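A.B. asks: Chains as they are written, first to last, in the working numbering: chain A, 1 to 134; chain B, 135 to 563. Don't be surprised by glycine CBs; every beta carbon is placed ideally from N, CA and C. Computed from a predicted structure; not experimentally measured. The structure follows.
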Amino acid sequence: MPPLALHLLKIGFITALYIFLWVVGRGIAGHLKRESARSEAPTVAITESPTQAGMTFRVSGPLILGRSPEADVVLQDPYASDFHIRLAFQGGEVRLHDLGSTNGTQVNGERVVAPLALRRGDRVQVGQTIMEIR
Amino acid sequence: MSRNTEAALVGLAAALAGAGAVLAPLADGDLPTYDVLLAPAVFLAAFGGLLLAVRRWAPRATRTLLPLAAFLTAVGWVEVSRLDRDLGRLQLWWLLVGTALAGTTLFVLRRRGVGVLRRYRYLFLVTGLGLLLLPLLPSSWPVRGLTLNGSRLWVRFQAGDLSLSFQPGEAAKILIVAFLASYLADRHRALTGMPRRLGPLSLPEPRQLLPVLLAFGVSFAVLVYQRDLGASVLLFLVFAAMLFAATGRFAYPAAALALLAGGGLAAYQYFGHVRLRVEAWLHPFADFAGTGYQVAQGLFALGSGGLTGTGLGAGRPDLIPAAATDFVFAAVSEELGLAGGLAVIAAYALLVAAGFGIALRARDPFRKLLAGGLTLTLAVQTVLIVGGILRLLPLTGITLPFMSYGGSSLLANLVLVALLARISHEEGS
Chain A
1 MPPLALHLLK IGFITALYIF LWVVGRGIAG HLKRESARSE APTVAITESP TQAGMTFRVS
61 GPLILGRSPE ADVVLQDPYA SDFHIRLAFQ GGEVRLHDLG STNGTQVNGE RVVAPLALRR
121 GDRVQVGQTI MEIR
Chain B
135 MSRNTEAALV GLAAALAGAG AVLAPLADGD LPTYDVLLAP AVFLAAFGGL LLAVRRWAPR
195 ATRTLLPLAA FLTAVGWVEV SRLDRDLGRL QLWWLLVGTA LAGTTLFVLR RRGVGVLRRY
255 RYLFLVTGLG LLLLPLLPSS WPVRGLTLNG SRLWVRFQAG DLSLSFQPGE AAKILIVAFL
315 ASYLADRHRA LTGMPRRLGP LSLPEPRQLL PVLLAFGVSF AVLVYQRDLG ASVLLFLVFA
375 AMLFAATGRF AYPAAALALL AGGGLAAYQY FGHVRLRVEA WLHPFADFAG TGYQVAQGLF
435 ALGSGGLTGT GLGAGRPDLI PAAATDFVFA AVSEELGLAG GLAVIAAYAL LVAAGFGIAL
495 RARDPFRKLL AGGLTLTLAV QTVLIVGGIL RLLPLTGITL PFMSYGGSSL LANLVLVALL
555 ARISHEEGS
């Protein structure tokens, strides 16, 4: 075998190694992208409200929703308590905590009695305000 | 990655083994042997079979694990077979046995999953420690310890003419990781709380530190009685890293490093075999023909490889002592150059990334710690031996996972990959 041919074969072998790794690496990168899309902070959209319909916000850290101007998300809703609920995004899910509100909170029409995890598409009702997890 | 890509990559790994079997003899002007057909056939049968087992018993498993294991095994096999054709053929047998064992692992866990392993932790601990200490059996027994190259880490089983040698430490590392994952999953809260204060330091309850000291004791015993620096450091580092993963407290790795430094200094002072390793690391050319010979030959191999290597079969990796086992990375880097060596390291990095990804997504502490611990074992082992060859660390004689010649090592690492695949399958359920 002439040395040039051997050299080319060697380069070909090494190239095959890198093609292999490139395909695997792309597979892992795609997996990570899907994963981070899944773990990205979900959006909450207000679908029904006297004045705030159409408003959206993201639950990246813990958020307090209520009528008080000091709440993280101020609800313009006479039936909402000052500090009504707390939403937190942890471990890939949004957790809802009713902070002892006067009129209570409903998720998909059911009264919330204990902190619970929300899923995408769940409808949360606080007073007259209805919001959806997206 | 789609199912078809995964299967194609396993096929490509088999083709790489075949290509290596052609290229190595060509460099000497020889015609390829029947290994050209045998190797791809065995790789296809072994990894194809394991692929089918994964699809049947862990269908939602991450698809990146098997191709990477096949890749590393193939590149390692090419070099081992080029160094010693008979060892290469033996390794093909080990590959078949190993993938069969990995498939059996998936079969056994098919219904109850890895969660069932949590229940048997003390069995794992006792078996693991027993296996670690097995090589200390007297040399006159039918199952006996064997001292090779100054380290007593082999066991030989002899019945009449039939003899079988194995390194029980390789299986022990998986058992001990499984024990630790189970133990830490139950105790991590107690270990995270640090109620005691000592000046500026917060300490956990002293009795919570007992297992740390026990692990240190076991590692040190392995170092003293078996003179096995590699297994000793591997066990200890994996344990410290798992403690850190379970608690998130920096106190544990800090304490572990302090113990390691103290233990290392003491070992350097009192044990000749440790001092020789350190001397060969710092001054490989001071005693070139003697203690520094292996490290120095490894450096020559790396240096003469250059960017793209001498070509398969065209270098002299046979000059390195233990080229097919501990120094297979140096041999690959000589014949495929920096490019080949980096490809191998990239493959380990991807494998470790995939493993930690599985640990992050796993749904309970036991599975997280098991996946993390198994991945750490692979990572620490690779860093220790590659670091030793590159003279970044003192040389510790342990195998390079998947690539080194050796049945015990290949079997253990294939089972390890099967466990990771099973955990990644369970993440979604």
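Is the distance from the Cβ of alanine 208/B to the Cβ of alanine 147/B below 7 Å?
C.D. replies: A contact, by the Cβ cut-off of 7 Å.
A.B. asks: Is the distance from the Cβ of alanine 464/B to the Cβ of leucine 436/B below 7 Å?
C.D. replies: The answer is yes: Cβ separation under 7 Å.
A.B. asks: Can you tell me whether serine 36/A is buried or exposed? The criterion is at least 16 other CB atoms within 10 Å of its CB, across all chains shown.
C.D. replies: It is exposed - the Cβ of serine 36/A has fewer than 16 other Cβ atoms within 10 Å.
A.B. asks: Taking the alpha helix (DSSP H) that glutamate 468/B falls in, what are its first and last residues?
C.D. replies: Residues 462 to 495.
A.B. asks: Could you check whether the Cβ of phenylalanine 463/B sits closer than 7 Å to any Cβ belonging to chain A?
C.D. replies: No - not a single Cβ of chain A is within 7 Å of the one on phenylalanine 463/B.
A.B. asks: Could you please give the first and the last residue of the uninterrupted beta strand (DSSP E) stretch that includes phenylalanine 57/A?
C.D. replies: Unbroken beta strand (DSSP E) run through phenylalanine 57/A: 56 to 58.
A.B. asks: So with Cβ pairs under 7 Å, would you call lysine 10/A a contact of chain B?
C.D. replies: By this cut-off, lysine 10/A is an interface position.
A.B. asks: Cβ of leucine 146/B less than 7 Å from any chain A Cβ?
C.D. replies: Chain A contact via Cβ: present.
A.B. asks: Should the segment 306 to 325 of chain B be called in touch with the segment 498 to 512 of chain B, which here means at least 3 C-beta pairs below 8 Å?
C.D. replies: Output reads yes: the segment 498 to 512 of chain B touches the segment 306 to 325 of chain B.
A.B. asks: So if DSSP puts tryptophan 288/B in a beta bridge, which residue, or which two residues, is it bridged to?
C.D. replies: In the DSSP output, where bridge partners are listed per residue, tryptophan 288/B has Leu280/B.
A.B. asks: Output the residue ranges of the alpha helix (DSSP H) runs that lie fully inside the segment 194 to 270 of chain B and measure 4 residues or longer, sorted by chain position.
C.D. replies: Entirely contained in the segment 194 to 270 of chain B, the alpha helix (DSSP H) runs reaching 4 residues are, in chain order, 199 to 217, 219 to 242 and 255 to 267.
A.B. asks: Check the Cβ-Cβ distances between serine 563/B and every residue of chain A, and say whether any is below 7 Å.
C.D. replies: Because serine 563/B carries a pLDDT of 45, less than 50, the predicted location of this residue cannot be relied on, and no value is offered for it.
A.B. asks: At which residues does the beta strand (DSSP E) containing leucine 118/A begin and terminate?
C.D. replies: Taken as a continuous stretch (DSSP letters only), the beta strand (DSSP E) holding leucine 118/A covers 116 to 118.
A.B. asks: Taking CB distances under 7 Å as the criterion, tell me whether glycine 92/A reaches chain B.
C.D. replies: By this cut-off, glycine 92/A is not an interface position.
A.B. asks: Evaluate glutamine 515/B with the Cβ neighbour count: other Cβ atoms within 10 Å of its Cβ, from every protein chain shown; 16 or more gives buried, anything less gives exposed.
C.D. replies: Buried, because 16 or more other Cβ atoms sit within 10 Å of the Cβ of glutamine 515/B.
A.B. asks: So which of Pro528/B, Arg216/B, Leu265/B and Tyr256/B has the shortest CA-CA distance to histidine 407/B?
C.D. replies: Answer by Cα proximity: Pro528/B.
A.B. asks: For methionine 135/A, which of helix, strand or coil comes out of DSSP?
C.D. replies: Residue 135/A lies beyond the range of chain A shown here (1 to 134); nothing can be said about it.
A.B. asks: From the DSSP output, in three-state form, read off serine 438/B for me.
C.D. replies: DSSP places serine 438/B in helix when its eight states are reduced to three.
A.B. asks: Using CA atoms only, rank isn't needed, just tell me which of Gln431/B, Ala385/B and Leu309/B is closest to leucine 343/B.
C.D. replies: For leucine 343/B, the nearest C-alpha among the options comes from Ala385/B.
A.B. asks: From isoleucine 381/B to glycine 439/B, what distance separates their C-alpha atoms?
C.D. replies: A small fix is needed here, since residue 381/B is threonine in this sequence, not isoleucine. For threonine 381/B and glycine 439/B, the distance between alpha carbons rounds to 44 Å.
A.B. asks: Does alanine 537/B come within less than 7 Å of chain A when only Cβ atoms are used?
C.D. replies: In the sequence as displayed, the identity of residue 537/B is methionine instead of alanine. False, the Cβ-Cβ gap to chain A never drops below 7 Å.
A.B. asks: Between tyrosine 402/B and valine 356/B, what straight-line distance do the alpha-carbon atoms span, to the nearest angstrom?
C.D. replies: Each residue's Cα considered, the two are about 15 Å apart.
A.B. asks: Using 8 Å for Cβ pairs, my map puts serine 353/B next to leucine 369/B. What's the rounded Cβ distance?
C.D. replies: Confirmed, about 5 Å.
A.B. asks: Scan the segment 19 to 95 of chain A and note each continuous beta strand (DSSP E) run of 3 residues or more that stays entirely inside, going in chain order.
C.D. replies: Counting whole runs of 3 or more residues, the segment 19 to 95 of chain A contains the beta strand (DSSP E) stretches 43 to 48, 56 to 58, 63 to 66 and 85 to 90.
A.B. asks: Give a yes or no on whether the C-beta atoms belonging to leucine 96/A and leucine 116/A are separated by under 7 Å.
C.D. replies: Yes, Cβ-Cβ distance for leucine 96/A and leucine 116/A is below 7 Å.
A.B. asks: Residues in the same chain with beta-carbon distance under 6 Å from valine 124/A, minus the five sequence neighbours each way, listed in chain order, please.
C.D. replies: Counting only Cβ-Cβ distances below 6 Å, and skipping sequence neighbours, we find Val107 and Met131.
A.B. asks: Taking C-beta pairs closer than 9 Å, name the residues in chain B that alanine 16/A reaches, listed in chain order.
C.D. replies: Those within 9 Å of alanine 16/A in chain B are Leu146, Ala149, Leu150 and Ala153.
A.B. asks: What residues from chain A crowd round phenylalanine 205/B, counting only those whose CB sits closer than 9 Å?
C.D. replies: What phenylalanine 205/B touches in chain A: Leu17, Phe20, Leu21 and Val24.
A.B. asks: Which residues share a DSSP beta bridge with glutamate 110/A?
C.D. replies: DSSP, once it has assigned bridges, lists Val107/A as partnering glutamate 110/A.
A.B. asks: Check this for me: beta carbons of alanine 192/B and valine 549/B, under 7 Å apart or not?
C.D. replies: The answer is no: Cβ separation not under 7 Å.
A.B. asks: What would DSSP say about leucine 298/B, mapped onto helix, strand or coil?
C.D. replies: Strand at leucine 298/B.
A.B. asks: Does the beta carbon of leucine 65/A come closer than 7 Å to any beta carbon on chain B?
C.D. replies: No, because no Cβ of chain B sits closer than 7 Å to the Cβ of leucine 65/A.
A.B. asks: Which term fits alanine 324/B, buried or exposed, when burial requires 16 or more other beta carbons within 10 angstroms of its beta carbon?
C.D. replies: It counts as exposed.
A.B. asks: So glutamine 403/B is in the alpha helix (DSSP H); what residue range does that whole segment cover?
C.D. replies: Here the alpha helix (DSSP H) through glutamine 403/B covers 385 to 404.
A.B. asks: So what's serine 563/B in DSSP terms, helix, strand or just coil?
C.D. replies: Caution applies to serine 563/B, whose pLDDT of 45 falls short of 50 and renders its modelled position unreliable; the model cannot decide the point.
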